[in-house]
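Since the structure comes first, as structure tokens, the remarks are kept for the end.
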Amino acid sequence: MAEYLQGRENQIVTKGIDSHELVGGKPSVAGSVSQRACVFCGSRVVLYPIADALHLVHGPIGCASYTWDIRGALSSGPELHRSSFSTDLREKNIVFGGQDKLYQALHELIDKHHPKAAFVYSTCIVGVIGDDVQSVCRRVQKEKNIPVIAVMAEGFQGSKKDGYKIACDALFSLVGTDESLEVSPLSINILGDFNLAGELWMLEEYYKKMGIQILAPITGDGRVKKIQNAHRAALNVVQCSGSMIHLAKQMKEKYGIPFIKVSYFGIEDMSDALYEVAKFFKDDSVMDRARDLVKNQLTTLIPALEPYKRALQGKKAAIYVGGAFKAISLVKALRLIGMKTVIAGTQTGNTEDYRLLKTICDDGCIMVDDSNPVELSEFVKQTGADLFIGGVKERPIAYKLGIGFCDHNHERKLALAGYDGMLNFAKEVYETVTSPVWQFVSQNKE
Amino acid sequence: MLLRHTTAKEIDRKALTINPAKTCQPIGAMYAALGLHGCLPHSHGSQGCCSYHRSALTRHFKEPVMASTSSFSEGSSVFGGSSNLVSAIETIFSVYEPDVIAVHTTCLSETIGDDLTQIISKANEDGKVPAGKKVIYCNTPSYVGTHVTGYANQVSAFVKFFSTATPKKRNVVNLVAGWMEPSDMREIKRIANEMEARTIMFPDMSGVLDTPLTGHYDMYPKGGTTQADMIATGDSKFSIGIGPYTTEDACIKLENKCKVKFETVEIPIGLKATDRFIMSLSRHANLPVPDSLTEERGRLIDLIADNNKNFYDKRVALYGDPDTLIPLVEFLLTLDMKPVYIVTGTPGKHFDDAMTAMLKEKVPEAKFKSGERADMFQLHQWIKQEGVDMLIGNSYGKYIARDENIPFVRLGFPVMDRPGNNFFPCVGYTGATNLLIKILDAFLDHKDRTCPEEKVELVM
């Protein structure tokens, strides 16, 4: 590439060629067409799947509009989380403060919906205009007798990742405030699955077959009461560790609950997730059931994957996703269907994550932190990738370049986790990479 | 039921907005800025704003949407975003190489009081803006107006920074495009071409947000109003503002700056609004209406006549932006339908007056509301009180349409769950035909699916 954004040299590494380390966690360069979002966005996407809580966005209308039902996090019961609630701050509120409006809005909402808890998200200007959101929340909590939690997520305080941490703090304030649920000795909390396309329900099936109780899913198909009881589980199983590790650490410190890090994407990682849990409980029958389950699944899955693998053998993939752990799983899952990863990038990975990612990637793979469309399209051209895996903003770029695309973010429509998910993934990749449409563009390609 | 919480009884709300029928200013400015060729919109605020706007526009247009951000940090909120903007300008020109950077503000940069005029003129003085390049800006505080206001402010900024009057007037009519689809802009240009009128359209998103797939990625696609044309708007003899909410301010500024007279018309959705637009263009370009357009009009009327029994007395609920809703309500009345509930989150007297004038006699029972708390929840409560036969608006109507089992026509911004907005215009006689067929299809498909078996009919 002709010119990197100044100061981004350390955020791009080609494995096997560059000797320097890929540095993550740096703020974006001002002026970049960054694919990253903000602190508010991070908090909102993590907490949003809690379906019986209120999610009130305190600020001008935009922040509520853009996060209205965007994530496809499914609920088996209430659908309250899918509506958009805002204090819609106007100019007069900016001048005189928005506290009263917030107080009133909370009352109007709680009276109407009788939620189990309320999350109040403060957006960029709330701090600047001096609203004391925390005191309003405390007051309403007392008056309405439900937890009212201030999520201090002003957008400018950092990136999405900082928002995850704030969301974890909000969740942690709920944990340990109820003891009414029945808890099996073989119980776990699932941290960091958001039940996109019903993925959590698949995991529930697997763990149930092993005799394990999922006490609190956090936050996919989440419920306030379950989160309040989460401190009574024997183990925290953490996926998407970028978003949830902070909560797991807090729970370990305060309640002594150990945690393990897992991923549910791809056969290896999914199976490890089951085995690790079985190992933890040191119960042979649990391990036997896990082995049976994996064996059963693989007996049908492996032959089913075979035709896709044959068709995709040697094809090249570009990955640009939110976090590094997803990227690692994807590299492995792609390898399983014969594909080689030639670009591996993330929005929010840190230096340590990237060290691990590097060990898994092949030589020649371009690794990139906080990239932008110009870089990404240049890398695609350089590497001749056949597939792009990313989110909403990357999709049309991939298509313009005349290559396949798979959404591994909010807009996935098929479950990609677990064994069924692996097959879905293979099908989706196959469908897009081998689509007849690309033959009509290839003559134009350089 | 997705919206099981909505009840027919209206709850008393003073502070709370539920399911808004609007969003904030900056996204409108970003959209409009993409209508200038070689322009990169720049969001002066936190990076989330830029990311959300790009995602929302991408979901709607299914096209890459480029914009840069000042990436505010904790420090910027305390010390101001001046240094972020200056370094952003340097970065953008050295890496992304646009011809123009169109800066818009956000609630944060407005509240902390960044002075764009001062920051950008300093950047110019300090040589941060390469020769031949330009940085323009507009103020788009999110807590004033809505996305519609932001669009209007960006269009006005184009006039402010480019339009120039030379002593020589040209026989050209400016077509100041309000918030429409690229396909609508294309259609309006086609109509002008049919009339052989010399026009300059600005902004113009056709060829920017509906580009062909070529195997190349162009950060700055071929389309968009060129800078030369934008400068020349000052020499045109007249401007037609298409959509008063989004273009009137720009027209006034152009008149004040370059003495270009103007009139505003509604976006030409439907028969009458198209008539008025074409008559306006005919008058001000001093050209007759060609037979080809008269024939298009005749075909539309033929289609309406063929189907009028399917339209008569149908109750319709609508929501969206005033520039779209006003001509749409008029078109529904032309079809003998009954627009009974109309909401827009965008405040403004023009909407209220237009609704009163159109509906007072023909649909006295109609309810409409604009501005604060004119939201989808309000609309849904009205529908619960007395049902409708059809819902027209953006994708956010799908919950209501499903819960209430009513035919649903997608129109407006954003439409995230269906393609096609880039292809089928809804303006002009052709657009009215498209829209009419969409409405009919929605009705008849619904009827075919839900009527008793013995009533399923093969012939219309």
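Sequence order for the protein chains is A and B. Using this note's numbering, the final residue of the first sequence is 1081, and nothing's skipped along the way. Using this note's numbering, the final residue of the second sequence is 464, and nothing's skipped along the way. Note that beta-carbon positions come from the ideal geometry of N, C-alpha and C, so glycine has one too.
Counting only Cβ pairs nearer than 7 Å, list the residues of chain A close to Glu-67(B). Correct list: Pro-1031.
Can you round the beta-carbon distance between Val-810(A) and Met-886(A) to whole angstroms, since I take them to be within the 8 Å contact cut? Rounded, the Cβ-Cβ distance is 6 Å, consistent with contact.
Using 9 Å as the limit for Cβ to Cβ distance, is Tyr-701(A) near chain B? Yes, its Cβ sits closer than 9 Å to a Cβ of chain B.
So for Cys-53(B), helix, strand or coil by DSSP? Helix.
Quick check on Asp-356(B): does DSSP put it in helix, strand or coil? Three-state result, Asp-356(B): helix.
Per DSSP, the bridge partner or partners of Val-975(A): In the sequence as presented, Val is not what sits at residue 975(A); that position holds Lys. The bridge partners DSSP lists for Lys-975(A) are Lys-951(A).
The alpha helix (DSSP H) spanning Gly-432(B) covers which residue range? From DSSP, the alpha helix (DSSP H) with Gly-432(B) extends over 432-454.
Output needed in chain order: residues of the stretch 42-63 of chain B with a Cβ under 9 Å from some Cβ in chain A. The residues in question are Leu-44, His-46, Gly-49, Ser-50, Gln-51, Gly-52, Cys-53, Cys-54, Ser-55, Tyr-56, His-57, Arg-58, Ser-59, Ala-60, Thr-62 and Arg-63.
Span separating the alpha-carbon of Glu-1081(A) from that of Gly-999(A): Annotation note: pLDDT 47 at Glu-1081(A) (below 50); position unreliable, no value reported.
When the cut-off is 9 Å and only beta carbons count, does Phe-162(B) lie next to chain A? Taking Cβ atoms only, chain A never reaches closer than 9 Å to Phe-162(B), which makes this a no.
Please classify Asn-175(B): does DSSP put it in a helix, a strand, or coil? Strand at Asn-175(B).
By the DSSP assignment, the beta strand (DSSP E) with Tyr-141(B) in it spans what residues? For Tyr-141(B), the enclosing beta strand (DSSP E) has its first and last residue at 138-142.
Say whether chain E places a C-beta atom closer than 9 Å to the C-beta of Phe-381(B). Within the model displayed, chain E is absent; protein chains A and B are what it includes.
Mind checking if Arg-672(A) is an interface residue toward chain B, Cβ cutoff 9 Å exclusive? In the sequence as displayed, the identity of residue 672(A) is Ala instead of Arg. Residue-level contact by beta carbon holds for Ala-672(A) and chain B, with a gap shorter than 9 Å.
Interface partners of Cys-676(A) on chain B, CB under 8 Å: Within chain B, the residues near Cys-676(A) are Gly-52, Ser-55 and Tyr-56.
Under 9 Å, Cβ to Cβ, is there at least one residue of chain B near His-866(A)? Look at His-866(A): its C-beta is not under 9 Å from any C-beta on chain B.
Pull up the CB-CB distance for Gln-29(B) and Ser-113(B), whole angstroms please, since I reckon it's below 8 Å. Contact between Gln-29(B) and Ser-113(B) is ruled out by a C-beta separation of about 12 Å, above the 8 Å threshold.
If distances are taken between C-alpha atoms only, which option among Thr-144(B), Ala-92(B) and Val-148(B) comes closest to Lys-132(B)? When each option's Cα is compared against that of Lys-132(B), the closest is Ala-92(B).
Helix or strand or just coil, what does DSSP make of Phe-372(B)? Secondary structure at Phe-372(B): strand, using DSSP grouped into helix, strand and coil.
Between Gly-659(A), Gly-732(A), His-655(A) and Val-763(A), which has its C-alpha nearest Ala-959(A)'s C-alpha? When each option's Cα is compared against that of Ala-959(A), the closest is Gly-659(A).
Between the Cα of Ser-822(A) and those of Val-1076(A), Ile-801(A) and Ala-868(A), spot the shortest distance and give me the residue it belongs to. Per the Cα distances, Ala-868(A).
Proximal residues, the stretch 399-422 of chain B versus chain A, C-beta separation under 8 Å: Those residues of the stretch 399-422 of chain B that come within reach of chain A (Cβ to Cβ, closer than 8 Å) are Tyr-400 and Tyr-403.
Does the structure place the stretch 409-424 of chain B close enough to the stretch 354-368 of chain B that three or more beta carbon pairs sit under 8 Å? No, the stretch 354-368 of chain B is not in contact with the stretch 409-424 of chain B.
Short CB-CB distance (under 9 Å) between Gly-211(B) and chain A: Using a Cβ-Cβ cut-off of 9 Å, Gly-211(B) does not count as an interface residue toward chain A, since no Cβ of chain A sits closer than that to its own.
Pull out every residue of the stretch 83-94 of chain B whose Cβ sits closer than 9 Å to any Cβ of chain A, in chain order. Listed in sequence order: Gly-85, Ser-87, Asn-88, Leu-89, Val-90, Ser-91, Ala-92, Ile-93 and Glu-94.
Can you look up His-881(A) in the DSSP assignment and give me helix, strand or coil? The three-state secondary structure of His-881(A), taken from DSSP, is helix.
Rounded C-beta distance between Pro-852(A) and Leu-835(A)? I'm assuming under 8 Å. About 5 Å; that satisfies the 8 Å criterion.
Using the rule of at least 16 other Cβ atoms within 10 Å of the residue's Cβ for burial, across every protein chain shown, is Asn-425(B) buried or exposed? Flag for Asn-425(B) reads buried.
So, using beta-carbon positions, are Ala-321(B) and Gly-238(B) closer together than 9 Å? No, they are not a contact pair.
Is the number of C-beta pairs between the stretch 1014-1028 of chain A and the stretch 1040-1053 of chain A that are closer than 8 Å three or more? Under the three-pair Cβ rule at 8 Å, the stretch 1014-1028 of chain A counts as touching the stretch 1040-1053 of chain A.
Give me the chain A residues within the contact set of Asn-311(B), using Cβ-Cβ distance strictly less than 8 Å, ordered along the chain. Near Asn-311(B) there are no residues of chain A at all, since even the closest Cβ is about 35 Å away, more than 8 Å.
Beta carbon proximity, Glu-14(B) to chain A, threshold 9 Å: Not closer than 9 Å to any Cβ of chain A, the Cβ of Glu-14(B) fails to qualify, so no.
In whole angstroms, give me the CA-to-CA distance for His-742(A) and Val-775(A). Going from the Cα of His-742(A) to the Cα of Val-775(A) covers about 8 Å.
Around the C-beta of Ala-637(A), are 16 or more other C-beta atoms found within 10 angstroms, so that it is buried, or is it exposed? For Ala-637(A), the predicted model reports a pLDDT of 45, less than 50, meaning its position is unreliable and no value from the coordinates is stated.
Determine the chain A residues that contact Ser-77(B) at a beta-carbon separation under 8 Å, and present them in chain order. The answer, in chain order, is Pro-662, Phe-791, Gln-792 and Gly-793.
Using DSSP bridges, identify the partner residues of Ala-708(A). DSSP output for Ala-708(A) lists Leu-831(A) as bridge partner(s).
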